[in-house]
Structures are given as C-alpha cells and as structure tokens.
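Quick notes on the structure that follows.
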Amino acid sequence: EPSFFPAIQVFRALGARVIGIPADGRGMRVDMLEQLLLRYRPKLVYTIPSFQNPSNIEMELERRKKLVELSHKFKFIILEDDAYAGLCYEGQQLPALRSMDSDGYVIYLSTFSKSVYAGLRLGFIVAQKQVVKQFSAAKQVMDLHSNSVSQWVVERFIVEGKLDSHVARLCSEYRKKRDIMHEALSMRCIRGMEWNRPKGGYYFWLKLPQGVSASRLVTAAAAKKVVFVPGKPFFTNGQGDDYIRLNFTFASQKDIKEGIGRLCEAIAELLDGHREMDISQEFEIKPIV
Numbered sequence: 213e214p215s216f217f218p219a220i221q222v223f224r225a226l227g228a229r230v231i232g233i234p235a236d237g238r239g240m241r242v243d244m245l246e247q248l249l250l251r252y253r254p255k256l257v258y259t260i261p262s263f264q265n266p267s268n269i270e271m272e273l274e275r276r277k278k279l280v281e282l283s284h285k286f287k288f289i290i291l292e293d294d295a296y297a298g299l300c301y302e303g304q305q306l307p308a309l310r311s312m313d314s315d316g317y318v319i320y321l322s323t324f325s326k327s328v329y330a331g332l333r334l335g336f337i338v339a340q341k342q343v344v345k346q347f348s349a350a351k352q353v354m355d356l357h358s359n360s361v362s363q364w365v366v367e368r369f370i371v372e373g374k375l376d377s378h379v380a381r382l383c384s385e386y387r388k389k390r391d392i393m394h395e396a397l398s399m400r401c402i403r404g405m406e407w408n409r410p411k412g413g414y415y416f417w418l419k420l421p422q423g424v425s426a427s428r429l430v431t432a433a434a435a436k437k438v439v440f441v442p443g444k445p446f447f448t449n450g451q452g453d454d455y456i457r458l459n460f461t462f463a464s465q466k467d468i469k470e471g472i473g474r475l476c477e478a479i480a481e482l483l484d485g486h487r488e489m490d491i492s493q494e495f496e497i498k499p500i501v
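Per my numbering: the sequence shown = residues 213 to 501.
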C-alpha cells in the first residue's frame with residue numbers, strides 16, 4: 213500500500229481480510245511480504261507492479277522475480293493489475309509478473325480504458341484455461357457480457373494494427389503533460405511538498421507539507437475549482453491524509469499550469485492558517501478581571 217482503493221473496497225465487500233504491504237521507491241517491500249506470509253498465509257496478493265495507482269512507482273525487476281518465487285513457495289495467487297501497460301515515457305517497461313510464471317500462480321488483468329479511451333469499460337484476463345472458465349461464468353451472472361459494440365470496435369482496432377500507434381501517440385502527449393505538471397510543481401513548490409517525476413502511468417503522488425491535511429485541502433482547493441483524490445482511501449489502515457493524487461492526463465496543458473498554481477495557493481493559505489493557530493495557542497492572552 214497505498215493501492216487502488218476500488219480494489220480494496222471490492223475485497224472487503226466480499227468478506228476478505230485486507231492487509232497492506234509497505235512499499236518504497238522500488239515497489240512492494242517483498243522482504244516484508246515474506247514475513248506477512250508466514251504470519252497470515254493469505255490466499256491472494258493483489259499488486260500493480262507497473263506505474264502503480266496512486267504512487268506511480270514501478271516495482272524493480274529483482275522484486276518481481278522474488279514475488280513470483282514466493283507465490284510458488286507459499287502457494288498463493290498473485291492478482292497482477294497492469295492497467296497502465298504500455299504507458300511508459302522513459303526507457304523500457306519491465307516484464308509482467310505473468311511472463312515470469314510457468315505454474316499458473318499469476319492471474320493477469322488489464323484494460324483498454326487507459327490504452328484506448330477512458331470511457332471504454334472493457335478489459336481482459338490472462339490465466340489458466342480453468343480459471344478463465346470460472347471468470348467467464350461469474351461474468352455471465354453479473355451482467356451476461358460486456359457491450360458487444362465496444363468489443364467489436366476494439367477487436368478491429370487491434371486486428372488492423374492501430375493499437376500500438378495509438379498508444380505511442382498517447383505516450384507522446386502524456387509525456388508533455390507530465391513534464392508540464394512537474395515543472396509547475398517545481399516552480400510553485402512549497403517547503404515540505406514531496407513528489408517523484410513518474411516514468412509512466414497517469415499520476416503524481418504528492419506528499420503535503422506538515423500541517424496540511426488532504427481532508428482540509430480538498431475543500432479549499434474545490435473553492436478554487438481544483439479537484440484531486442485525497443490519499444486516505446488508498447490505505448487499509450486510515451493513513452494517507454498527508455497525500456493527494458494528481459492526474460496529469462485529462463486536463464489541457466494550460467489548465468495543468470493554472471490548476472497547480474491554484475492548488476499551491478490553497479496549500480499556502482492552509483499553512484498560513486495553521487501557523488496563525490499555533491501562534492495564537494502559544495501566546496494566548498488570559499485577561500485578568
């Protein structure tokens with residue numbers, strides 16, 4: 213953790229006990245996972261190894277290999293969510309966990325909602341045949357099948373060889389927007405703000421200065437017509453109120469610059485209010501009657 217909060221919600225709705233695995237700048241702490249495996253013996257580990265939502269961290273290669281090894285050793289399923297596959301702006305994207313697994317312990321999930329267009333609610337699974345059959349049966353119970361027109365459109369898009377060139381165009385556009393947001397944050401940076409320039413994906417994961425909470429900032433920013441996702445829902449234990457997720461892919465380049473400026477204004481105003489409150493509490497005048 214942090215991790216994709218709708219996944220956390222789904223697991224809990226189905227009665228699962230959800231336990232977060234700490235991460236750092238190189239991805240999931242697989243060494244700490246091994247300790248948790250010995251303690252809890254989980255049935256499934258959910259992970260977004262490439263351009264993780266919300267942190268945009270990419271799990272390093274050695275940790276990927278170790279994670280797959282642990283799945284074989286402890287006999288658990290890895291649910292690999294690779295929603296941002298292909299959206300790589302620097303270097304080469306690392307291989308999927310599924311490509312390292314020869315024994316069927318990795319179930320690979322991805323979607324066309326990021327690689328084609330956001331409104332396209334269509335995805336796919338790569339797994340052993342028996343697992344795919346079980347998923348297909350469950351899917352039919354839920355909604356019979358995904359929209360047929362959407363499936364036909366995507367099928368032709370792939371068969372005609374247009375998907376790769378389309379993703380390349382997206383990467384070119386998103387790379388520019390990422391750089392603009394990074395530059396805007398750097399120019400308007402307030403002491404205590406922390407972030408990393410993402411190598412791919414959709415998001416900046418911004419740590420707020422001490423004294424500013426996402427739960428307060430969301431209201432102050434909305435008053436300036438700026439919206440973001442607060443960090444708290446991405447954690448299993450109530451942490452994360454000092455983080456926010458910023459999406460750089462949808463807004464125009466002009467709006468990114470303007471929005472970051474307004475966001476930093478809201479942060480500065482909250483910081484000023486926090487300092488004034490601290491001073492008033494420290495030097496409170498108690499009148500003598």
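Each residue gets a CB set at the ideal place from its N, CA and C atoms; glycine is no exception. Note that this is a predicted model, so its numbers are computed, not measured.
Practice task
Please list the segments of the beta strand (DSSP E) lying wholly inside the region 390-475, counting only runs of 3 or more residues, in order along the chain.
Solution key: 415-419 and 455-459
Practice task
Please go through the same chain and pick out, in chain order, the residues whose beta-carbon is closer than 6 Å to the beta-carbon of Gly232, but skip the five residues on each side of it.
Solution key: Glu213 and Thr448
Handout entry: Cβ separation of Val441 and His378, assumed to be a contact under 8 Å, to the nearest whole Å
Key = Incorrect: roughly 26 Å between the Cβ atoms, too far for contact.
Practice task
Would you tell me roughly how many angstroms separate the C-alpha atoms of Gly471 and Leu282, rounded to the nearest one?
Solution key: 43 Å
Problem - Beta-carbon gap between Ser262 and Asp294 smaller than 8 Å - result: With respect to Asp294, Ser262 sits close: the two C-beta atoms are nearer than 8 Å.
Practice task
Out of Tyr301, Ile290 and Lys374, point me to the one whose CA is closest to Ile502's CA.
Solution key: No answer is possible for residue 502: it lies beyond the span of the chain, which begins at 213 and ends at 501.
Problem - Selected residue, minimal CA-CA separation from Lys388, among Ile370, Gly373, Arg400 and Pro410 - result: Check the Cα spacing between Lys388 and each of Ile370, Gly373, Arg400 and Pro410: the tightest is with Pro410.
Handout entry: For Lys436 and Glu477, believed in contact at Cβ under 8 Å, the rounded distance
Key = 7 Å
Exercise for the section: Can you grab the Cα-Cα spacing for the pair Leu429 / Leu482, in whole Å? Expected result: Cα to Cα, the separation comes out at about 7 Å.
Handout entry: Residues sharing a beta bridge with Gly335, DSSP
Key = Gly335 is bridged by DSSP to Thr323.
Problem - Nearest to Pro234 (by Cα), restricted to the options Glu372, Asp243, Trp417 and Arg276 - result: Asp243
Practice task
Return the chain-ordered ranges of every beta strand (DSSP E) run that is complete within the region 256-294 and spans a minimum of 3 residues.
Solution key: 256-259 and 289-293
Problem - Bridge partners - Gly239, DSSP secondary structure assignment - result: DSSP, once it has assigned bridges, lists Asp236 as partnering Gly239.
Exercise for the section: Determine the DSSP secondary structure at Val371, reduced to helix, strand or coil. Expected result: helix
Exercise for the section: Assign Ile220 to buried or exposed, taking buried as 16 or more other Cβ atoms, counted over all protein chains shown, within 10 Å of its Cβ. Expected result: buried
Problem - Distance between beta carbons of Leu334 and Ser360, contact taken as under 8 Å - result: The beta-carbon distance between Ser360 and Leu334, rounded to whole angstroms, is 11 Å. This is too long to meet the 8 Å contact definition.
Handout entry: Ser425 to Trp417 span [Cα, whole Å]
Key = 14 Å
Handout entry: Span of the alpha helix (DSSP H) around Phe216
Key = Premise fails: Phe216 is in no alpha helix (DSSP H) and is neither H nor E.
Exercise for the section: Check whether the region 368-376 touches the region 398-406, taking contact to mean three or more Cβ pairs, one atom from each stretch, closer than 8 Å. Expected result: Touching, no, given that fewer than three Cβ pairs across the two stretches are closer than 8 Å.
Problem - Buried versus exposed, by CB contacts within 10 Å (16 or more), Glu541 - result: For the chain, the structure presents residues 213 to 501; residue 541 sits outside this window and is missing.
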